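Residue numbers (the numbering used here), protein chains in the order written: chain A, 1 to 172; chain B, 173 to 252.
Heads up, the beta-carbon is just placed ideally off N, CA and C, and yes, glycines get one too.
Note that the structure is predicted; figures quoted are calculated from it, not measured.
Heads up: the structure comes next, in structure tokens.
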């Protein structure tokens, strides 16, 4: 599995976990039926909070991923060549990370294709949220459908990226 | 029905004749990731004309010596 695939898995799983956490929190709060949960302001503040949590979680996950990835490479290099010095390992790791993290044409193309799928998911969510309003559901339901569709769209984007990295893109 | 074509490449062979050049070295010389070189070699990705020329320049050959536009091998329909 390559660097890009591993990175996509880490960000997708982190995003999905935060989305799931929000989903269960929203269901719990909605069923609780407290007075504060009936205002749009409450939901807006909670959504902003979860967006913040998501950003911080992804930053932490990426830092941890890079540390673990570097350690993994160092162990692999040491196992392949036992006489290698620590300085040589460091140089090789830096070189490997430099070539693996390059954002090239294939990466950009995959990103664009995945982004299109993510936007389609968010678009469907927007239409569903409008339909929910037409069916006389509360605006709280509408705003939650919107938020979840954007979050799921983002997670789906990661999965689509992974699919294209595995399958490849021919005759793009 | 129009005939189907596919783009094949000889990067693996060219790397072998260039002192067994690694995918990483080729990636560094062409400015792309190792994964992209691997995908091109396996036929999973069709590179842009720009990248195709860069690869040809690294091996000091013509683009036709690296890539080939050949008819696709279609599965035998009679065997069904």
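Does the region 8 to 25 of chain A touch the region 50 to 68 of chain A, meaning 3 or more C-beta pairs lie closer than 8 Å? Verdict: yes, contact present.
Straight-line gap, residue 137/A to residue 29/A (C-alpha atoms, nearest Å): Reading the first chain from its first residue, position 137 is the one you call residue 137/A. Reading the first chain from its first residue, position 29 is the one you call residue 29/A. Those two C-alpha atoms are separated by around 17 Å.
Which whole runs of the alpha helix (DSSP H) in the region 103 to 162 of chain A are 4 residues long or more, in chain order? 105 to 134
So the candidates are 199/B, 244/B, 193/B, 245/B; which of them puts its Cα closest to the Cα of residue 224/B? Looking up residue 224/B in the second chain gives position 52. Checked all of 199/B, 244/B, 193/B, 245/B; the closest Cα to residue 224/B is 199/B.
Beta-bridge partners of residue 130/B, as assigned by DSSP: The structure shown does not extend to residue 130/B, since chain B is modelled only from 173 through 252, so no value can be given for it.
Distance between residue 183/B and residue 27/A (C-alpha atoms, nearest Å): Position 27 of the first chain, counting from 1, holds the residue named residue 27/A. Position 11 of the second chain, counting from 1, holds the residue named residue 183/B. Approximately 55 Å, taken between the alpha carbons.
What number of angstroms, rounded off, separates the C-alpha of residue 67/A from the C-alpha of residue 93/A? Counting from one through the first chain, the residue named residue 67/A turns up at place 67. Counting from one through the first chain, the residue named residue 93/A turns up at place 93. Going from the Cα of residue 67/A to the Cα of residue 93/A covers about 11 Å.
Cα-Cα, which of 227/B, 237/B, 174/B, 240/B is closest to residue 205/B? By one-based count along the second chain, residue 205/B stands at place 33. That would be 227/B, whose Cα lies nearest to the Cα of residue 205/B.
Could you say which of 219/B, 189/B, 203/B, 232/B lies nearest to residue 110/A if we only look at CA atoms? Taking the first chain and counting its residues from 1, one reaches residue 110/A at position 110. The residue with the shortest Cα to Cα distance from residue 110/A is 219/B.
Could you round the C-beta distance between residue 168/A and residue 217/B to whole angstroms and report it? I think they count as a contact, below 8 Å. As a first step, residue 168/A must be located in the first chain, where it is residue number 168. As a first step, residue 217/B must be located in the second chain, where it is residue number 45. Going by Cβ atoms, the distance from residue 168/A to residue 217/B rounds to 5 Å, so yes, they are a contact pair.
Spatial neighbours of residue 40/A within its chain, please: CB distance less than 8 Å, with the 5 preceding and 5 following residues excluded, ordered by chain position. Position 40 of the first chain, counting from 1, holds the residue named residue 40/A. Hits under 8 Å: 139, 140, 143.
Is residue 208/B helix, strand or coil when you go by DSSP? Position 36 of the second chain, counting from 1, holds the residue named residue 208/B. Residue 208/B: helix per DSSP, three-state reduction.
For residue 94/A, which three-state DSSP category applies? As a working mapping, residue 94/A is identified with position 94 in the first chain. Residue 94/A falls in the helix class under three-state DSSP.
Could you pull the start and end residues of the alpha helix (DSSP H) that residue 216/B belongs to? Residue numbering aside, residue 216/B sits at position 44 when the second chain is read from its first letter. Looking at the DSSP string, residue 216/B is not in any alpha helix (DSSP H), and its letter there is neither H nor E.
Per the contact definition of three or more C-beta pairs closer than 8 Å, is the region 31 to 38 of chain A in contact with the region 123 to 136 of chain A? No, the region 123 to 136 of chain A does not touch the region 31 to 38 of chain A.
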